[in-house]
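S.K.:
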Amino acid sequence: MAPSRGSQALARTLHKTLSNHRGPVHVVRYAKGTAKYVLSGGQDRSIRLWNPDLGTEIKKFEAHGYEVLSISVSHDNTKFASSGGDRSVFVWDVTAGVTTRRLAGHMGKVNVVELNADATVLASGSYDSTVRLWDLRAPARAPIQVLEEARDAVQTLHVDATTIIAGSVDGHVRTYDLRKGELRSDFIGQPVTSAIPSSDGTTLLVSTLDSHVRLFDTTSGKLLNAFTGHNHTSYRCRACFGHEEATVVCGDEDGAVWAWDLVDATVLQPNPPPKVHDKVITWTEHHPIDPGEMVTSSADGTVKVWRHPS
Numbered sequence: 536m537a538p539s540r541g542s543q544a545l546a547r548t549l550h551k552t553l554s555n556h557r558g559p560v561h562v563v564r565y566a567k568g569t570a571k572y573v574l575s576g577g578q579d580r581s582i583r584l585w586n587p588d589l590g591t592e593i594k595k596f597e598a599h600g601y602e603v604l605s606i607s608v609s610h611d612n613t614k615f616a617s618s619g620g621d622r623s624v625f626v627w628d629v630t631a632g633v634t635t636r637r638l639a640g641h642m643g644k645v646n647v648v649e650l651n652a653d654a655t656v657l658a659s660g661s662y663d664s665t666v667r668l669w670d671l672r673a674p675a676r677a678p679i680q681v682l683e684e685a686r687d688a689v690q691t692l693h694v695d696a697t698t699i700i701a702g703s704v705d706g707h708v709r710t711y712d713l714r715k716g717e718l719r720s721d722f723i724g725q726p727v728t729s730a731i732p733s734s735d736g737t738t739l740l741v742s743t744l745d746s747h748v749r750l751f752d753t754t755s756g757k758l759l760n761a762f763t764g765h766n767h768t769s770y771r772c773r774a775c776f777g778h779e780e781a782t783v784v785c786g787d788e789d790g791a792v793w794a795w796d797l798v799d800a801t802v803l804q805p806n807p808p809p810k811v812h813d814k815v816i817t818w819t820e821h822h823p824i825d826p827g828e829m830v831t832s833s834a835d836g837t838v839k840v841w842r843h844p845s
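Per this note's numbering, the sequence shown starts with residue 536, numbered consecutively.
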């Protein structure tokens, strides 16, 4: 975990509202690196590519038969993966706007997909309690591995070169060490809705349905900090690190975006934060590079782009 550099004020000035979706928006993801694009997916079965600077929709991707629940963008922004209520995972060519692969096998809706660093392996987590790993270089459409340890729906995944982290409604965060063939299971005690490691992999940020976000040491499993004040008891809300991982950010079920100092867990002003969406905030993501921008998506049907006042 990087030392605290003092908590940066959260970008709270509304820059653009992206409102072409019909119905709840479940996920919004930034393109990788300096690219200023976002992808959103919603209950209307569509995925939309936006220019957040201008607030314009660039392209609409349609193939899902049910709601879109998850999106993962490749390192070079040429493709992305999506999943949803139709129990399928799609891999898309961004430029052509078409699917290049459809991966079937889950017995329930696929809550989450995540690509590894070079977009050769894809992990999918489902309501059927399994995680499936797919080799995107292989012609075969069968998963290369199925992880069946979870006892309830898998809600969140993180994939890196040697580990897979899976968070489940059964209250466990499971870390699979692919090199050693080992599994470590940490019992949080509440349904897990997101689990995001820090950039150096030493800490893990976990949000749960008891209105808590917790920071754990990944080596020892020790609880380092707990962040509270927000309302999160029923829906999948995502917590994330703010700029340079000096803060923790989470949208809640009242439509407010909360921010805390990473080290002392104090709520950043304003406290309590204002309501900025009409319904639950389903996804919060800070720009990967820009310190002054983040996006939120909500069940109110909108994606909002937030910036510091220029």
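All C-beta atoms in this analysis are idealised placements derived from N, C-alpha and C, irrespective of residue type, glycine included.
Report buried or exposed for Asp799, applying the criterion of at least 16 other Cβ atoms within 10 angstroms of its Cβ.
M.R.: Result: exposed.
S.K.: Could you give the distance in angstroms between the alpha-carbon of Gln690 and the alpha-carbon of Pro726?
M.R.: One C-alpha to the other measures close to 9 Å.
S.K.: Does the beta-carbon of Arg540 have 16 or more other beta-carbons within 10 angstroms, so that it is buried, or is it exposed?
M.R.: Because Arg540 sits at a pLDDT of 48, beneath the cut-off of 50, its placement in the model cannot be relied upon, and the point is left open.
S.K.: Would Val624 and Leu638 qualify as a contact pair, given that the criterion is a beta-carbon distance under 7 Å?
M.R.: Against a cut-off of 7 Å, the Cβ pair of Leu638 and Val624 comes out as a contact.
S.K.: Can you give me the Cβ contacts of Leu803 inside the same chain, cut-off strictly under 8 Å, excluding the 5 residues immediately before and after it?
M.R.: Excluding residues within five positions, the ones whose Cβ falls inside 8 Å are Ser542, Ala544, Leu545, Thr782, Ala794, Trp795, Asp796.
S.K.: Residue range of the beta strand (DSSP E) that Ala794 falls in?
M.R.: Residues 792-796.
S.K.: Using the C-alpha atoms, what's the distance from Pro844 back to Glu649?
M.R.: When rounded, the distance between both Cα atoms is 33 Å.
S.K.: Assuming Asn646 and Gly660 form a contact by the criterion Cβ under 8 Å, report the distance between their Cβ atoms to the nearest whole angstrom.
M.R.: Contact holds; Cβ gap of about 6 Å.
S.K.: Does His747 come out as helix, strand or coil in the three-state DSSP assignment?
M.R.: Looking at His747 - three-state DSSP - the assignment turns out to be strand.
S.K.: Assuming contact is defined by CB atoms lying nearer than 7 Å, are Val840 and Lys644 in contact in what I supplied?
M.R.: No. Outside cutoff.
S.K.: Along the chain, where does the beta strand (DSSP E) that runs through Ser832 open and close?
M.R.: 828-833 is the extent of the beta strand (DSSP E) around Ser832.
S.K.: For the beta strand (DSSP E) that Thr489 lies in, which residues bound it at each end?
M.R.: There is simply no residue 489 to check, as the chain begins at 536 and stops at 845 in what is shown.
S.K.: Could you tell me which residues DSSP puts in a beta bridge with Pro732?
M.R.: DSSP lists Leu739 as partners of Pro732.
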